[in-house]
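With mature numbering (1 follows the signal peptide of the UniProt record, and there is no 0) applied, the sequence shown covers -25 to -1, 1 to 563.
Here the structure comes first, spelled out in structure tokens, and everything after it is commentary.
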Amino acid sequence: MELKNIRINFLLSIAFCLFFNNIHAQTNIVINPETKHQTIEGWGVSLAWWANLVGGMPKETIDEVANYAVNDLNLNVFRFNIAGGENPTCTEGAHIRKDGGLMPGYRTQQNNNEGWGVNNYTNDARQIAVMNKIAELRASKGDIITEMISYSPPWWMTHSQCSAGNVVATQENLKPEFIDDFADYLVSVSKGLDTMYPSWNISYLEAFNEPISGYWKKGGKQEGSAIYPVTQAQILWRMWQRRRDLDFNSLKFTAADNSKITSSLSNLTTLRNNNLNEYNGISKISTHSYGGSWQDKANLALFAKNNGNKPIWQTETGPLSWDRNGRGWFARHYDMAYRLVEDVRNLKATVWCDWQLMSRDDGWGLLHQTNWDESKPFQEPVLNKTRGFYCRKNVTNFIKVGYKIIATDEGNTIAALNPDENEVVLVLVNSSEDTREYSIDLSKFSNVNGYKAYRTSEKGEDTTENTIENINLKGQLTGKSIRYNAPAYSVSTFVIDVSKSLSTSVFKKKGFKFYPIPFATESTFKFPRNLINGRLLIYNVLGMEVKKIENINSKELKVTREDLENGTYLYKLEEDSTTLSSGTIVIN
């Protein structure tokens, strides 16, 4: 008997735990428009190295790829590479990667004290051709931002005579006597391109790329150079001088594009402590997010706020050293989507950039060139949009330039409010292998008039709009709450109308309708927005109330005739005692 009771109690305990877990399986997401954060400046991508390839492909390919970037992904920030160019007689041989990494420099070799040198812009015709098309396509938006970036000084300014790094990777490669020449090289190339191509809107110059990482070594596969804070300060000072001399004061400087968030904080702290003038001279902070926890990102955001209130751009990232952890390779795209959310949420990034738009593999490029052939680098590509393409699109198409990030209380979400404050966008990333249940709390908004839902998932959804009001598809709106189940490996976006109540005339103009007209058994009323505590009153021709439907909290209402006789009736639609519409309906 005692053993039986123990067994029963044990089973009841298990049942209680399962029941308790089921109750608490749903996560509540509160969106709070009263707590506002950074304003989004845009979404972007680096042009190195894919543009060096695409620019040599058929014009139709340039047009196609640029259109994907500008119109399909809604990108407006582009990072243009001022390459150092590699030594054609490097003792390490032809070591630079062949998929676009061999970027041409703008000057030929010269000795120190031989003047500033002459820039040859035709060297970089391929990258320029791509950037020109991008600027042309983005012109109507008026929001393009081009940032000039350097990965290495020209090879002939370096100790190793190689643009991939020094013989000892941790040692700086730029010769001290060429610091002023390097600064002139970057500023003068930027100035020349800005003069020739004003539509690019060249706004920033970044002289460093992962400068304190310690892995840029002679013979490496790409350009890179160790440059520590003391030398960074000298370069920044010299760039300021050349900017003044060339009358290019609209060009702003940034630093220092380290690979890890902690390295960025260390680098910038040293620069600020030892070279305050040079630190104050940078207009924003740039970092990559290959490494760094949410707390590391919050720490850098706090540093930026407390030291000049500088905006932060996340300028390069990708699935470097990605931990597969037994999952399919596709899962990295959803981990990257989560990283985007974390960077916007915790780092307070105003711009977020990918590293490669097009790549020879499925992981790094948003476009995968499936017919890549090293012996035919400029052949017409066969392109496949990766899961990353749509994961990005699910964000960049809806959180637009000028939207302000507002508070949410779940780490896998970001929300943004448009400038008119009549639309809120919620992005929810589920990078796990399980379906997650959510309740989206919109109670802090005066009005919730309806919403649209878009999803990218492993079930073949490609930023697909879901229109069926079901918790597993579009979600279900009740009052000011949306119940929604996010499938495994998915990015879900809700575009929610929170505009103020419409006047009667605007309400009608926006598409209030009911059908069929006349109706025999049932009529469907469709409203241009979600009603809150709405009420429908129906009167006979004598003005007597014959039907009343209250507590309408939806965009659609089905009205049955029940015992109403054939004839003409009057109706009045109200919301909180305000008449939204009135007229006649016919039953036969």
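Cβ coordinates follow ideal geometry from the N, Cα and C atoms, glycine included.
Could you tell me the alpha carbon to alpha carbon distance between residue i and residue j, rounded to whole angstroms?
| i | j | result |
| --- | --- | --- |
| Asp232 | Glu181 | 8 Å |
| Trp130 | Glu16 | 34 Å |
| Ser127 | Gly267 | 25 Å |
| Val162 | Met171 | 14 Å |
| Leu332 | Pro8 | 33 Å |
| Gln451 | Glu444 | 5 Å |
| Lys475 | Arg430 | 27 Å |
| Lys379 | Ala390 | 8 Å |
| Leu341 | Ala44 | 10 Å |
| Asp538 | Tyr514 | 13 Å |
| Gly140 | Gly80 | 16 Å |
| Ser557 | Leu545 | 7 Å |
| Ile471 | Ile457 | 10 Å |
| Pro394 | Gly301 | 43 Å |
| Asn(-5) | Glu540 | Only weak support is given to the placement of Asn(-5): the predicted model assigns it a pLDDT of 42, under 50, and the value that follows is read from those uncertain coordinates. Distance between the alpha carbons of Asn(-5) and Glu540: 52 Å. |
| Asn98 | Phe353 | 17 Å |
Going along the chain, which residues of its own chain have a beta-carbon closer than 6 Å to the beta-carbon of residue i, five neighbours each way excluded?
| i | result |
| --- | --- |
| Trp138 | The sequence as given places Ser at residue 138; Trp does not occur at that position. Here the set comprises Gly59, Glu61, Ser127, Trp130, Glu198. |
| Val5 | Asp384, Asp416 |
| Tyr190 | Ala144 |
| Ile560 | Tyr544, Tyr546 |
| Asp297 | According to the sequence as given, residue 297 is Trp; it is not Asp. The answer, listed in chain order, is Arg307. |
Report the three-state DSSP secondary structure of residue i (helix, strand or coil).
| i | result |
| --- | --- |
| Ala201 | coil |
| Arg308 | It should be pointed out that residue 308 corresponds to His in this sequence rather than to Arg. In this structure, His308 counts as helix in the three-state DSSP scheme. |
| Ala100 | helix |
| Gln85 | coil |
| Lys351 | coil |
| residue 645 | Absent from the model: residue 645. The displayed extent of the chain is -25 to 563, so no value can be given. |
| Glu550 | strand |
| Val164 | helix |
| Phe223 | coil |
| residue 580 | The displayed coordinates of the chain run from -25 to 563. Any statement about residue 580 would go beyond what the structure contains. |
| Tyr190 | coil |
| Pro8 | strand |
| Asp409 | coil |
Checking 8 Å against the spacing of the C-beta atoms, do residue i and residue j come in under that value?
| i | j | result |
| --- | --- | --- |
| Thr2 | Arg411 | yes |
| Val357 | Asn422 | no |
| Asn321 | Thr468 | no |
| Ile124 | Ile177 | no |
| Asn51 | Arg101 | no |
| Ser261 | Thr290 | yes |
| Asn528 | Leu506 | yes |
| Trp327 | Leu315 | yes |
| Ile294 | Asn242 | The amino acid at residue 294 is misidentified as Ile; the sequence shows Pro. For Pro294 and Asn242, no; Cβs fall outside 8 Å. |
| Ala273 | Arg213 | no |
| Phe482 | Pro503 | yes |
| Gly92 | Arg82 | yes |
| Ala382 | Lys323 | no |
| Phe487 | Val534 | no |
Have a look at the options and flag the residue whose alpha-carbon is nearest the alpha-carbon of residue i.
| i | options | result |
| --- | --- | --- |
| Thr229 | Ala279, Val521, Ser188 | Ala279 |
| Ala104 | Ser135, Asp118, Glu35 | Glu35 |
| Trp288 | Arg302, Trp269, Lys259 | Lys259 |
| Phe373 | Glu440, Ser178, Gly31 | Glu440 |
| Glu549 | Asn508, Lys522, Gly542, Leu532 | Asn508 |
| Asn255 | Pro286, Ser264, Leu28 | Pro286 |
Leaving out the 5 sequence neighbours to the left and right, which residues in its chain are closer than 7 Å to residue i when beta-carbon positions are compared?
| i | result |
| --- | --- |
| Ile(-3) | Note that Ile(-3) has pLDDT 38, beneath the 50 cutoff, so the model's placement of it is unreliable and no number is given. |
| Glu355 | Met32, Pro33, Thr36 |
I'd like to know if residue i contacts chain D, where contact means its C-beta is closer than 8 Å to some C-beta of that chain.
| i | result |
| --- | --- |
| Trp18 | The structure shown has no chain D; it contains just one protein chain. |
Identify, in the order they occur along the chain, each residue of the same chain with its Cβ nearer than 8 Å to the Cβ of residue i, setting aside the five sequence neighbours on each side.
| i | result |
| --- | --- |
| Phe305 | Arg362, Glu433, Tyr464 |
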